[in-house]
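First comes the structure, then the notes that go with it.
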Amino acid sequence: MRRATGVFYCLALLLHGFLIVDAAKILVYCPSISKSHVLLCAKYADLLHNAAHDTVLFIPSYSTPLDNFDGAKHAKVWRLQNVTDAYDRKFDSLASVMEDSHIGFIDRLRYDVDFWMETCEDYVKQIHRMQHLVDYNFDLAIFNDIDPCNPAIVRSLNISKTVLLSSEAIMDKIAWDLGKQLTVLAESLPLLPSYVPSMEENPNHDRMSFFERMSNAYKYFQSIVVHYLQERRVLHIFREHISPDFPAIREIIRNVSLVLVNTDEIFDISRGYSPKFVYVGLIGADKNENVVLPKAVVLYFECNIVLTVSFQNLDEYFSKGKLGSVFVSFGTVTPFQVLPHRIQLSIFNAIQKHPDYHFVIKTSSDDNTTAQLFCDVPNVDFVNWVPQNAILNHKNLKLFVSHGGMNSVLETMYYGVPMVIMPVFTDQFRNGKNVERRGAGRMVLRETVGNETFFDAIDDVLSDERYQISAKRISHLMKNRPFTPEERVSKWINFVLEHDTAEHFHLESNSLSFIEHNHLDIIFMFLVLPLITIFVYIRVAKHSMVKTQ
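In mature numbering (1 follows the signal peptide of the UniProt record, and there is no 0), the protein residues as written are -23 to -1, 1 to 526.
Put into structure tokens, the structure is as follows:
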């Protein structure tokens, strides 16, 4: 009887633990920066909803075209409309920054500091509109690292446990915030520019020449300066509008329980990192090998206008081509028509010179520029938004021409498709170079594009089977790794909900002084004490010689 009672008691405790986790209220905080970022947040929200959590995807409206888009299939979606118009105004001028591959330091200050601070101030003035989030008493919040205002906003909601979602690989600013162990100066530059490329507009990989390492160190410095200024400005805004005692942004980041990193160890560059980092790239991707392409919006062009827009079966279009099909898409933020004309002409030239391949280009339904350019080109079709994950799994797809966003790259590598990448923003340069480094494709920079550039890159990748072999090898490794991203997210979130990890995963390096962290006291001892000993010995020897004489 006593034994049965003990077993019943243990089962009751286990059930009680599961109920605590299952009943958790989780906020996924996700400003509408781009369709791809909202989709990524929605995948996390749906995953945690399916794990029996009460999950809310909260979307403050930054981009007006996304006001009615959420991407969630199961989780609850709450919105906050009319937050700011700064984001729309920024991307109205997108075409003006497309000519150069690299955004200069002054431009970064203007875009990454002034722009984000305008957005943040607009938002904070309306923070009373989020009182319902405070009243809901969330157990845990997940927020991304794109908007520097996000950590402070989530902190103001009084949610005890937080998880940071890095929408790219480990950002320089996150490494800088989370511990001096990852830095070369106690409060400054990340330690690893000798072999870890900076994330911002940086076409380097982990094997760098002297001048590439010099450039990489400068980009690290630039990235940290911009981030430092962002954090100071955000703190000033919140101390002015919320509380004069509002904590420093760096302290908020340091106290997160986990950092979910949207990349894959097999694809990304190997580096040291804090135990708070959990790699979860490719979450929510359809792993089914026999996907039938659904219908999507196909555009029919005459030589100067979009003639009709039709809902058609995509399989028909990707099955064309004697040797296969090629998909061309530069992401949800960069429609084809904003590309400089010389780049459009280079792609046009490549398509004309590959008549045995059928090209499918993603563009918008009002893109009359592209309609005119591709007049009477038989081996090309145009689509609006398409299910990219399913397309990459199509048996006839031979190449993906892309901007190199992390989600696109991971999906493409998972399905073993070679790539030609022309990066546009931030980490896309690093991703493109990493694809080259892995032997799975080529990268071209916008400022170097001439009439033959895309033809040379596309022809090289399509004709050299080594790219296909490398892509298939990466795919095989990614498909056979021990734990899926979904398993990692679900188990780690449940663990944090029950136990928290902020204290246990805290880097003690944060408590060290500049001198201690960089071993300057030890270096001083080993360098100076021998010199002092030699100096004293010489003085004593001279004194003895004088005395003897």
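Glycine included, every Cβ here is placed at the ideal spot set by N, Cα and C. Quick caveat, the model's predicted, so the values are computed rather than measured.
Using CA atoms only, rank isn't needed, just tell me which of the options is closest to residue i.
{"i": "G418", "options": "W362, H371, A448", "result": "A448"}
{"i": "V305", "options": "I492, D343, T389, V255", "result": "T389"}
{"i": "D31", "options": "Y21, I10, K53, S40", "result": "K53"}
{"i": "P37", "options": "L25, N27, Q445, V5", "result": "V5"}
{"i": "residue 548", "options": "I338, K196, T347, S342", "result": "Any answer about residue 548 is impossible in this case: the structure gives the chain only from -23 up to 526."}
{"i": "G416", "options": "T425, L422, V517, Q445", "result": "Q445"}
{"i": "I328", "options": "R231, D344, D99, N428", "result": "N428"}
{"i": "T139", "options": "I226, I119, K150", "result": "I119"}
{"i": "L300", "options": "F431, N373, T311", "result": "N373"}
{"i": "K253", "options": "V236, L376, L57", "result": "V236"}
{"i": "N345", "options": "I368, P312, E217", "result": "P312"}
{"i": "S9", "options": "F82, F295, Q103, N127", "result": "N127"}
{"i": "V101", "options": "F491, F432, L57, M522", "result": "L57"}
{"i": "N471", "options": "C7, I320, A28, V15", "result": "A28"}
{"i": "N361", "options": "D353, H371, S342, K375", "result": "S342"}
{"i": "S385", "options": "E293, R248, R450, D241", "result": "D241"}
{"i": "R248", "options": "D183, N59, V357", "result": "D183"}
Would the beta-carbon of residue i fall within 9 Å of that of residue j?
{"i": "I398", "j": "V412", "result": "yes"}
{"i": "Q349", "j": "H380", "result": "no"}
{"i": "S251", "j": "V473", "result": "no"}
{"i": "M396", "j": "G258", "result": "no"}
{"i": "D124", "j": "W93", "result": "yes"}
{"i": "V255", "j": "R458", "result": "no"}
{"i": "residue 528", "j": "A49", "result": "Nothing about residue 528 can be read from this structure; the chain reaches only from -23 to 526."}
{"i": "R407", "j": "A146", "result": "yes"}
{"i": "V203", "j": "D44", "result": "no"}
{"i": "N239", "j": "L17", "result": "yes"}
{"i": "I214", "j": "E98", "result": "yes"}
{"i": "M148", "j": "I130", "result": "no"}
{"i": "I324", "j": "F431", "result": "yes"}
{"i": "K468", "j": "N181", "result": "no"}
{"i": "P174", "j": "M191", "result": "no"}
{"i": "L110", "j": "F35", "result": "yes"}
{"i": "D65", "j": "V15", "result": "no"}
{"i": "V303", "j": "K375", "result": "yes"}
{"i": "H51", "j": "D23", "result": "yes"}
{"i": "S452", "j": "Y392", "result": "yes"}
{"i": "Y172", "j": "I83", "result": "no"}
Which first and last residues belong to the beta strand (DSSP E) in which residue i is found?
{"i": "M420", "result": "418 to 420"}
{"i": "Y334", "result": "334 to 339"}
{"i": "I3", "result": "2 to 6"}
{"i": "N17", "result": "Residue identity differs from the one stated: residue 17 is Leu in this sequence, not Asn. L17 -> not in any beta strand (DSSP E); alpha helix (DSSP H) instead, spanning 12 to 27."}
{"i": "P252", "result": "No beta strand (DSSP E) holds P252; DSSP gives it neither H nor E."}
{"i": "F359", "result": "357 to 360"}
What number of angstroms, rounded off, separates the C-alpha of residue i from the C-alpha of residue j?
{"i": "S13", "j": "A262", "result": "13 Å"}
{"i": "H335", "j": "F402", "result": "28 Å"}
{"i": "I3", "j": "S137", "result": "11 Å"}
{"i": "R414", "j": "Y113", "result": "47 Å"}
{"i": "residue 527", "j": "V517", "result": "This structure does not reach residue 527, given that the chain is present from -23 up to 526, and the question cannot be answered."}
{"i": "K456", "j": "S40", "result": "35 Å"}
{"i": "E164", "j": "V438", "result": "Low confidence applies here, because E164 scores a pLDDT of 38, under 50, leaving its location unreliable and the question unanswered by this model."}
{"i": "F512", "j": "D498", "result": "20 Å"}
{"i": "R85", "j": "T309", "result": "21 Å"}
{"i": "V394", "j": "E177", "result": "25 Å"}
{"i": "T425", "j": "L369", "result": "27 Å"}
{"i": "R231", "j": "H331", "result": "52 Å"}
{"i": "F187", "j": "Y195", "result": "13 Å"}
{"i": "P317", "j": "D62", "result": "26 Å"}
{"i": "S143", "j": "I492", "result": "31 Å"}
{"i": "P167", "j": "V315", "result": "With a pLDDT of 44 at P167, under the threshold of 50, the modelled position of that residue is not reliable, and the figure given next carries that caveat. One C-alpha to the other measures close to 35 Å."}
{"i": "S521", "j": "I509", "result": "18 Å"}
{"i": "P355", "j": "D122", "result": "43 Å"}
{"i": "T525", "j": "Y514", "result": "16 Å"}
{"i": "V211", "j": "I104", "result": "14 Å"}
{"i": "F503", "j": "N495", "result": "14 Å"}
{"i": "F359", "j": "S11", "result": "21 Å"}
{"i": "I219", "j": "R209", "result": "15 Å"}
{"i": "L155", "j": "S440", "result": "45 Å"}
I'd like the span of the alpha helix (DSSP H) that includes residue i, first residue to last.
{"i": "I83", "result": "82 to 85"}
{"i": "W153", "result": "149 to 155"}
{"i": "T32", "result": "First-last for T32: 31 to 37, but that is the beta strand (DSSP E), not the alpha helix (DSSP H)."}
{"i": "M191", "result": "187 to 218"}
{"i": "F431", "result": "430 to 440"}
{"i": "L291", "result": "291 to 295"}
{"i": "S385", "result": "383 to 391"}
{"i": "I368", "result": "365 to 369"}
Within 9 Å of any Cβ in chain E, is that where the Cβ of residue i sits?
{"i": "N121", "result": "Protein chains in the displayed structure number just one, and chain E is not present."}
Worksheet item: Which residue spans inside the segment 95 to 140 form an unbroken alpha helix (DSSP H) run of at least 4?
Response: The segment 95 to 140 contains these whole alpha helix (DSSP H) runs: 108 to 112, 127 to 132.
Fill in: alpha helix (DSSP H) segments (min. 4 residues) lying fully within the segment 450 to 524
Within the segment 450 to 524, the complete alpha helix (DSSP H) runs of at least 4 residues are 462 to 476, 491 to 494.
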